[in-house]
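Participant:
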Amino acid sequence: MTSTNPSATDPAHRPKRRTFSPEYKLRIVAEYDAAPEGEKGAVLRR
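Going by the working numbering, the letters in the sequence shown line up with residues 10 to 55, in that order.
#1: Ends of the alpha helix (DSSP H) at P20?
#2: In three-state terms, what does DSSP make of P45?
#3: According to the Cβ coordinates, are V52 and A44 closer than 8 angstroms?
#4: For T28 and K34, I'd like the C-alpha separation in whole angstroms.
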């Protein structure tokens with residue numbers, strides 16, 4: 010059977026990648042540096 014919906018098999022359709030501003034990146038690095046040893050992983054997993 011063939012699909013009648015060509016967009017369902019279109020390999021060019023991809024979700025847009027998330028982009029992060031330089032300000033956001035600096036804020037995350039500052040939060041990481043300020044976090045206690047046991048909580049650094051939690052900052053990175055957000």
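All C-beta atoms, glycine included, are put in the ideal place defined by N, C-alpha and C. These numbers come from a predicted model, not from an experiment.
Facilitator: Short version:
#1: Position 11 of the sequence shown, counted from the start, is the residue given in the question as residue 20. No alpha helix (DSSP H) contains P20, which DSSP labels as neither H nor E.
#2: Here residue 45 refers to the residue found at position 36 of the sequence shown. It is coil, neither helix nor strand.
#3: Mapped onto the sequence shown, residue 52 falls at position 43. Mapped onto the sequence shown, residue 44 falls at position 35. Against a cut-off of 8 angstroms, the Cβ pair of A44 and V52 comes out as a contact.
#4: The count along the sequence shown starts at 1 and reaches residue 28 at position 19. The count along the sequence shown starts at 1 and reaches residue 34 at position 25. Distance between the alpha carbons of T28 and K34: 10 angstroms.
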